[in-house]
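Take a look at the structure set out below.
Residue numbers (UniProt numbering): 1 to 209.
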């Protein structure tokens, strides 16, 4: 188990035992970094309770707005995510701080918001520097894990594909799964060719509410 100093985690006042939500383990080889393998690129990462909550939760949802209006809303200082459903409809979800949840971010980006860096496995004798122009199979910000800070410590995964403007990118062939109040549970896209097994769906975007 990682020490509290290594993982920047909190302990209970009575037992001094770290509150551990769980672990993420990379099965296989977790690539390599151009500047050396150190820091947040690991093959094992413990999700432990943070000293201070850093979670976020949906607040205001703008459902039927044009892409132009969505761009204006997204330009605010407040964190938001947009879903472009068609040329005339974009959904913008604004987020606010959640004092009851801890957030952990995973992806290939080495920027500070990423807690767990997962990189590509480079084939042959090539190095990561030689393959910078090749499209990666791992998103810069691949997913978030939200862990409830109080028992039963439920964890939820939010995964998506983002474009250069930090908006969720969806293909034209997608199916929307919505709750009775019309909030998105998740958005699902399909490949150009159907799967041999129809049960194997290609789930590319998950937006739990």
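Every residue gets a Cβ at the ideal spot worked out from N, C-alpha and C, and that includes glycine.
Around the C-beta of residue 82, 16 or more other C-beta atoms lie within 10 Å, and the residue is accordingly described as buried.
A direct Cα-Cα distance of roughly 15 Å separates residue 42 from residue 112. Residue range 155-159 is occupied by the beta strand (DSSP E) that includes residue 157. Between residue 47 and residue 104, the CB-CB gap stays under 8 Å.
With contacts defined as CB atoms closer than 8 Å, residue 138 and residue 110 fail to qualify as a contacting pair.
Counting along the chain, residue 22 sits inside the beta strand (DSSP E) bounded by residues 20-25. Every unbroken stretch of the alpha helix (DSSP H) spanning 4 or more residues and falling wholly within the stretch 42-80 is given here in chain order: 67-74. The alpha-carbon of residue 62 is positioned some 43 Å away from that of residue 17.
In this model, residue 141 and residue 70 are separated by some 21 Å (Cα to Cα). Between the alpha carbons of residue 155 and residue 45 lies a distance of about 15 Å.
Collapsing the DSSP output to three states places residue 82 in a strand. For residue 100 and residue 54, the gap between their C-alpha atoms comes out near 9 Å.
Minimum Cα-Cα distance from residue 58 among the listed residues 68, 19, 87, 146 corresponds to 146.
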